[in-house]
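What follows is a single structure, written as structure tokens, with notes after it.
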Amino acid sequence: MTSTAPETQRGQDAGDPLGEQPTSWQRRLRRFGHVPRPETSLRDRLDPPWTRPGRQVWSVLAIPPHVADRLVRWSAWGGPLLVTLVAGLLRFWRLDQPNAVIFDETYYAKDAWALVNQGYEGSWPKDVDKLILKDPSSVPIPTDPGYVVHPPVGKWIIGFGEQLFGFTPFGWRFMVAVLGTISVLLLCRIGRRLFRSTFLGCLAGLLLAVDGLHFVMSRTALLDLIVMFFVLAAFGCLVVDRDRSRRRLADALPVDEEGVLRPDARIAETLRLGWRPWRLGAGVMLGLAFATKWNGLYVLAAFGLMTVLWDVGARRTAGAARPYMAVLRRDLVPAFFSTVPVAIVTYIVSWTGWIVTDKGYYRNWAATEGKGSSWSWLPDWLRSLWHYETQVYDFHVGLTSGHTYESNPWSWVVLGRPVSYFYEEQAGCKESSTGKCATEVLAIGTPLLWWLACFALAYVVWRWFFRRDWRAGAIACGVAAGWVPWFFYQERTIFLFYAVVFVPFLCLAVTMLLGAIVGPAAGTGARADLGLTSKDPTGERRRTLGAIAAGVLVLLIIWNFIYFWPLYTGTSIPEDLWRDRMWLDTWV
Numbered sequence: 046m047t048s049t050a051p052e053t054q055r056g057q058d059a060g061d062p063l064g065e066q067p068t069s070w071q072r073r074l075r076r077f078g079h080v081p082r083p084e085t086s087l088r089d090r091l092d093p094p095w096t097r098p099g100r101q102v103w104s105v106l107a108i109p110p111h112v113a114d115r116l117v118r119w120s121a122w123g124g125p126l127l128v129t130l131v132a133g134l135l136r137f138w139r140l141d142q143p144n145a146v147i148f149d150e151t152y153y154a155k156d157a158w159a160l161v162n163q164g165y166e167g168s169w170p171k172d173v174d175k176l177i178l179k180d181p182s183s184v185p186i187p188t189d190p191g192y193v194v195h196p197p198v199g200k201w202i203i204g205f206g207e208q209l210f211g212f213t214p215f216g217w218r219f220m221v222a223v224l225g226t227i228s229v230l231l232l233c234r235i236g237r238r239l240f241r242s243t244f245l246g247c248l249a250g251l252l253l254a255v256d257g258l259h260f261v262m263s264r265t266a267l268l269d270l271i272v273m274f275f276v277l278a279a280f281g282c283l284v285v286d287r288d289r290s291r292r293r294l295a296d297a298l299p300v301d302e303e304g305v306l307r308p309d310a311r312i313a314e315t316l317r318l319g320w321r322p323w324r325l326g327a328g329v330m331l332g333l334a335f336a337t338k339w340n341g342l343y344v345l346a347a348f349g350l351m352t353v354l355w356d357v358g359a360r361r362t363a364g365a366a367r368p369y370m371a372v373l374r375r376d377l378v379p380a381f382f383s384t385v386p387v388a389i390v391t392y393i394v395s396w397t398g399w400i401v402t403d404k405g406y407y408r409n410w411a412a413t414e415g416k417g418s419s420w421s422w423l424p425d426w427l428r429s430l431w432h433y434e435t436q437v438y439d440f441h442v443g444l445t446s447g448h449t450y451e452s453n454p455w456s457w458v459v460l461g462r463p464v465s466y467f468y469e470e471q472a473g474c475k476e477s478s479t480g481k482c483a484t485e486v487l488a489i490g491t492p493l494l495w496w497l498a499c500f501a502l503a504y505v506v507w508r509w510f511f512r513r514d515w516r517a518g519a520i521a522c523g524v525a526a527g528w529v530p531w532f533f534y535q536e537r538t539i540f541l542f543y544a545v546v547f548v549p550f551l552c553l554a555v556t557m558l559l560g561a562i563v564g565p566a567a568g569t570g571a572r573a574d575l576g577l578t579s580k581d582p583t584g585e586r587r588r589t590l591g592a593i594a595a596g597v598l599v600l601l602i603i604w605n606f607i608y609f610w611p612l613y614t615g616t617s618i619p620e621d622l623w624r625d626r627m628w629l630d631t632w633v
């Protein structure tokens, strides 16, 4: 186990040249927990080393050092893959159950099937779901265009699974389950890079694997988990880009006669960081997120600002006297063109199926109702697409019709109002005192994980503001990008399952909190943060108690996931047991 605050990480973006005294505001904030950056090398601040497990564990297990080193190298990928295997087995177990069209699958499963077969969504007749479940081959794809209010990427992905496994519940859920499983692997690797710890990375992935909302959304053909996947992939690309650009900056700085890296204002302000393919990849991923649901556009704005601020921190750490001006001159334009135009082009390309046909909804608007417009010099397909988008926007902002399971975003993190995707009662259940059994698929996060995440978010904000920890700021940015925009549409009909977009960042926040509970390893510079030396027995006792406390919390979260398993998978249970799991009245 490792601390979330090794010496090489603390305050590495605080911005002071090495050895500079804390500013007056930093001294005033000490009463709230602000700790000045410890004396670490400039290279470690720009390119932090990876933490390694202590030798004590290997000694207890009687594992030779060379074997231990090999296991450590293997664990970098082996640990995340093992966690991903567990997540995949859980998500694909009885994926075709319930054998029904649940909740909004009635829209996306059918639209996806039409899209992959004819390039545009059709207008399906009502009450066709039962016929599809009975014999999908007997249901023709409608050629009349259907009015849809979400971009096509998510439906193309769902449709790919239908092409592989047929127009069945397993077929339309397959690709969502694949992305849900891969997202666990992504979070393991992202967490590992973020915390410089394989253990903490795997812990973050494990928490995502046992989160109920992520689990249910991974087994349902809706669009929101697909958005989450692309957002998480974009975040991972930006974290890798940050590491590589800072390493490139460190390699360009001068070394003194003692071999110590020194800051250099000229290099820090004028160095061009060159080709940054990972940031370009982030632009593509954010474009795909935006091309699945429009809330991905807010994430694009938030992540774009975040990556620019990371560049400011890197140049300041390298010695730039005016880091904002340096970024404005050297990095801002490349950062913009690597993300925003790339995302927009990706979005437009995603409409190719609609563009190359002539039957999509509003496809011929420019040649009919829009004829004679002052914008007629633009291609007809582009003007038709723009008109379509404006109509969709009006629909979204005007969607205020009530729904049984709608909820306010203020209540999301405490799981105030989950969404029931599927519910059936069966009479003649002898195990129940009421004589009934209940089968439900409830879109709700693992309660103990989410309630712990409320404290973790407070800790992350505190750590970012008072400790100047860039990782806490990155996690807070991920949560805010997926959550805050919905507060601007509180009159709109919105649901708790929209929160799946920022669930991975909640897991990272909980991981950071658990890492702090465990505490730093003996002999690390982070121990100075606790006022302990490597020989202080109190430190070992504190770390042992912290590890026990963190372990108990993780076990309780896993137990909680198992306890709610019947509600996540649509397993029939006696109504008494179902009511026992309705911890809040608003869950019914």
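The working numbering puts the first residue of the sequence shown at 46, with every later residue one more than the last.
The beta carbon of each residue, even a glycine, is placed where N, CA and C say it ideally should be.
Exercise. Which residue's Cα is closest to the Cα of Val489: Trp457, Ala501, Phe148 and Leu283?
Worked result: The identity of residue 489 in the sequence shown is Ile, whereas the question assumes Val. For the residues Trp457, Ala501, Phe148 and Leu283, the minimum Cα distance to Ile489 belongs to Trp457.
Exercise. If you draw a straight line from the C-alpha of Leu127 to the C-alpha of Lys481, how long is it?
Worked result: Counting only the Cα atoms, Lys481 lies some 39 Å from Leu127.
Problem set entry | Sequence-distant residues of the same chain with beta carbon closer than 6 Å to Phe275, five excluded per side | Met330, Leu333 and Ala334
Exercise. Is it true that the CB of Phe540 sits closer than 8 Å to the CB of Ser452?
Worked result: yes
Exercise. Out of curiosity, what's the CA-to-CA distance linking Glu166 and Ser429?
Worked result: 16 Å
Exercise. With Ala363 and Leu252 assumed to form a contact (beta carbons below 8 Å), what rounded beta-carbon distance in angstroms separates them?
Worked result: The Cβ separation is near 35 Å, so there is no contact.
Exercise. If you check the beta carbons only, do Leu559 and Ala525 fall under 8 Å apart?
Worked result: no
For this session: Count the CB pairs spanning the region 363-382 and the region 182-193 that are closer than 8 Å, and state whether there are at least three.
Result: Contact between the region 363-382 and the region 182-193 is not established, with fewer than three Cβ pairs separated by less than 8 Å.
For this session: Go ahead and pull the three-state DSSP assignment for Ala472.
Result: strand
Problem set entry | Sequence-distant residues of the same chain with beta carbon closer than 7 Å to Phe521, five excluded per side | The sequence shown places Ala at residue 521, rather than the Phe named in the question. Cβ within range, chain order: Val505, Val506 and Trp509.
Problem set entry | Cβ pair Pro93, Ser395 closer than 8 Å | No.
For this session: Put Thr556 into one of helix, strand or coil per three-state DSSP.
Result: In this structure, Thr556 counts as helix in the three-state DSSP scheme.
For this session: Out of Trp604, Glu620, Ala519 and Trp528, state which residue places its alpha-carbon closest to the alpha-carbon of Arg287.
Result: Out of Trp604, Glu620, Ala519 and Trp528, Ala519 has the C-alpha closest to the C-alpha of Arg287.
For this session: Look at Ala154 and Leu231 and say whether their C-beta atoms are less than 8 Å apart.
Result: The answer is no: Cβ separation not under 8 Å.
For this session: Classify Glu150 as buried or exposed, calling it buried when 16 or more other Cβ atoms lie within 10 Å of its own Cβ.
Result: buried
Exercise. For Val223, which of helix, strand or coil comes out of DSSP?
Worked result: If DSSP states are grouped into helix, strand and coil, Val223 belongs with the helices.
Problem set entry | Pick from Val599, Ser242 and Asp189 that is closest to Gly164, judged by C-alpha positions | Minimum Cα distance to Gly164 is reached at Asp189.
Exercise. Which ranges would you report for the alpha helix (DSSP H) in the region 323-404 if only whole runs of at least 4 residues count?
Worked result: Annotation note: the region 323-404 contains the following uninterrupted alpha helix (DSSP H) runs of length 4 or greater, listed N- to C-terminal: 341-362, 368-375, 377-394 and 397-401.
For this session: Tell me, please, which residues DSSP counts as bridged to Cys482.
Result: Gln471 and Pro619
Exercise. Any chance the region 345-360 sits against the region 398-418, with 3 or more Cβ pairs inside 8 Å?
Worked result: Between the region 345-360 and the region 398-418 there are fewer than three C-beta pairs closer than 8 Å, too few to call the two in contact.
Problem set entry | Beta-carbon gap between Tyr613 and Phe260 smaller than 8 Å | yes
Problem set entry | C-beta atoms of Leu513 and Met557 nearer than 8 Å | Sequence check: residue 513 is Arg here, not Leu. Going by C-beta atoms, Arg513 is not nearer than 8 Å to Met557.
Problem set entry | Of the residues Tyr369, His441, Trp122 and Glu470, the one placed nearest Ser242, counting alpha carbons only | Trp122
Exercise. Contact between the region 255-272 and the region 303-316: three or more CB pairs below 8 Å?
Worked result: no
For this session: Mark Asp630 as exposed unless 16 or more other C-beta atoms lie within 10 angstroms of its C-beta, in which case mark it buried.
Result: exposed
For this session: List the residues that DSSP assigns as beta-bridge partners of Ala488.
Result: Paired residues: Val464.
Problem set entry | Proximity to Glu476 [Cα-Cα], best of Glu620, Val529, Ala498 and Leu209 | Glu620
For this session: Would you mind giving the Cβ-Cβ distance between Trp426 and Ile400, rounded to the nearest angstrom? I have them listed as a contact below 8 Å.
Result: 5 Å
For this session: Taking all protein chains shown into account, decide if Phe212 is buried (16 or more other Cβ within 10 angstroms of its Cβ) or exposed.
Result: Buried: at least 16 other Cβ atoms inside 10 Å.
Exercise. Going by C-alpha distance, which of Val284, Tyr468, Val272 and Gly319 is nearest Arg238?
Worked result: It is Val284.
Problem set entry | Trp391 burial status per 10 Å Cβ neighbour count (16 or more: buried) | First, the amino acid is wrong: residue 391 is Thr here, not Trp. Buried.
For this session: Please name the residue or residues paired with Pro143 in a DSSP beta bridge.
Result: Answer is none; Pro143 lacks a bridge partner.
For this session: Can you tell me which of Thr129, Ile147 and Leu316 puts its alpha carbon nearest to the alpha carbon of Val486?
Result: Ile147
Problem set entry | Opening and closing residue of the alpha helix (DSSP H) in which Leu245 lies | Thr243 to Ala254
Problem set entry | Same chain, Cβ closer than 8 Å to Leu224, five either side skipped, listed in chain order | Ile202, Ser263, Leu270, Ile271 and Phe274
Exercise. Does the region 431-447 come close enough to the region 528-542 to have 3 or more Cβ pairs within less than 8 Å?
Worked result: yes
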